[in-house]
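Participant: Position 136 of the sequence shown, counted from 1, bears residue number 334 in the numbering used here, the numbering being contiguous throughout.
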Amino acid sequence: MTDTLEAGYDIRWAAEQFRERPAVVFRDRTYSFREVNGRANRLANGLRALGLQTGDRVGVLVNNSIHSVDAVFGLLKGGFCIVALNSRHAPPEHLGILTDAGCKAVIVASPYSDMIQAVAADAPALRHVIGIGWQPKTGLAYDAFLEGASDKEPALEIPGDTISRLTYTSGTTGKP
199 MTDTLEAGYD IRWAAEQFRE RPAVVFRDRT YSFREVNGRA NRLANGLRAL
249 GLQTGDRVGV LVNNSIHSVD AVFGLLKGGF CIVALNSRHA PPEHLGILTD
299 AGCKAVIVAS PYSDMIQAVA ADAPALRHVI GIGWQPKTGL AYDAFLEGAS
349 DKEPALEIPG DTISRLTYTS GTTGKP
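Dropping the structure here:
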């Protein structure tokens with residue numbers, strides 16, 4: 199039998215302890231622990247509502263922002279695996295990673311929209327493109343997606359051997 203873990207326990211605990219205290223400051227906006235936890239819950243619940251299951255891989259191509267915080271905690275709370283995409287990669291490299299990892303969804307900030315839209319249809323497992331600051335041709339706008347999801351705790355027990363992050367790396371001449 200595999201041990202289980204409460205998904206996202208750390209941020210839930212912090213939100214219960216420090217509710218309205220500042221957790222993240224990004225540019226001119228401060229987010230409380232309660233807000234960060236609620237955003238993570240919305241992302242986890244929204245992806246679950248799309249049919250994603252524990253262990254499913256989700257590509258993430260965003261700059262440092264509140265959205266990167268959402269991705270880390272939200273994907274953890276949903277029991278998903280973050281597949282970190284590198285902004286320096288070209289479309290074929292993104293396609294290779296999305297395909298190899300079997301990503302079922304990808305969250306993409308607007309500066310990278312063209313790159314992902316160029317390869318999304320060719321990634322065999324990819325079902326959902328979620329755009330931050332843009333509307334994918336066949337996908338979801340992040341803010342509306344988050345707004346439509348529940349902020350309730352997902353309260354999932356995740357098997358202890360569930361992969362939570364895949365990071366592809368390589369030298370300057372090899373494939374990741």
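The beta-carbon is built from N, C-alpha and C at its ideal position, and this holds for glycine as well.
#1: Ile314 and Tyr340: beta carbons closer than 8 Å?
#2: Under 8 Å, do Asn239 and Glu345 count as touching if we go by C-beta distance?
#3: By how many angstroms is the C-alpha of Ala242 removed from the C-alpha of Gly257?
#4: Is DSSP giving His292 helix, strand or coil here?
#5: Assign Lys275 to one of two classes, buried (16 or more other C-beta atoms within 10 Å of its C-beta) or exposed (fewer than that).
#6: Exposed or buried, which one is Ile361 when buried takes at least 16 other CB atoms within 10 Å?
#7: Would you decide whether Glu218 is buried or exposed? Buried here means 16 or more other CB atoms lie within 10 Å of its CB.
#8: If you run the structure through DSSP and keep just helix, strand and coil, what is Glu214?
#9: Is it the case that the Cβ atoms of Leu354 and Ala212 are separated by a distance below 8 Å?
#10: Under 7 Å: does the beta carbon of Val256 sit that close to some heavy atom of the ligand ADP?
#11: Going by DSSP, what residues sit across from Pro204 in a beta bridge?
#12: Please report how far the alpha carbon of Asp254 lies from the alpha carbon of Arg246, in whole angstroms.
#13: State the CB to CB distance for the pair Leu250 and Phe278, rounded to an integer number of angstroms; the pair is presumed to be in contact (CB under 8 Å).
#14: Less than 8 Å between the C-beta atoms of Val317 and Leu293, yes or no?
#15: Closer than 6 Å by C-beta to Val347: which residues in its own chain qualify, once you throw out the five before and the five after it? Chain order, please.
#16: Compute the Euclidean distance between the alpha carbons of Arg325 and Leu273, then round it to the nearest angstrom.
#17: Over what stretch of residues does the beta strand (DSSP E) that includes Tyr229 continue unbroken?
Facilitator: Concretely, from the data shown:
#1: no
#2: no
#3: 14 Å
#4: helix
#5: buried
#6: exposed
#7: exposed
#8: helix
#9: With respect to Ala212, Leu354 sits apart: the two C-beta atoms are not nearer than 8 Å.
#10: Absence of the ligand ADP is noted for the structure shown, with no ligands found whatsoever.
#11: Checking the displayed sequence, the identity of residue 204 turns out to be Glu instead of Pro. Glu355, per the DSSP bridge assignment.
#12: In a straight line, the C-alpha of Asp254 is about 10 Å away from that of Arg246.
#13: 6 Å
#14: yes
#15: Correcting the residue identity first, residue 347 is Ala in this sequence and not Val. Correct list, in chain order: Arg240, Asn243, Gly244.
#16: 16 Å
#17: Per DSSP, the unbroken beta strand (DSSP E) holding Tyr229 starts and ends at 227–230.
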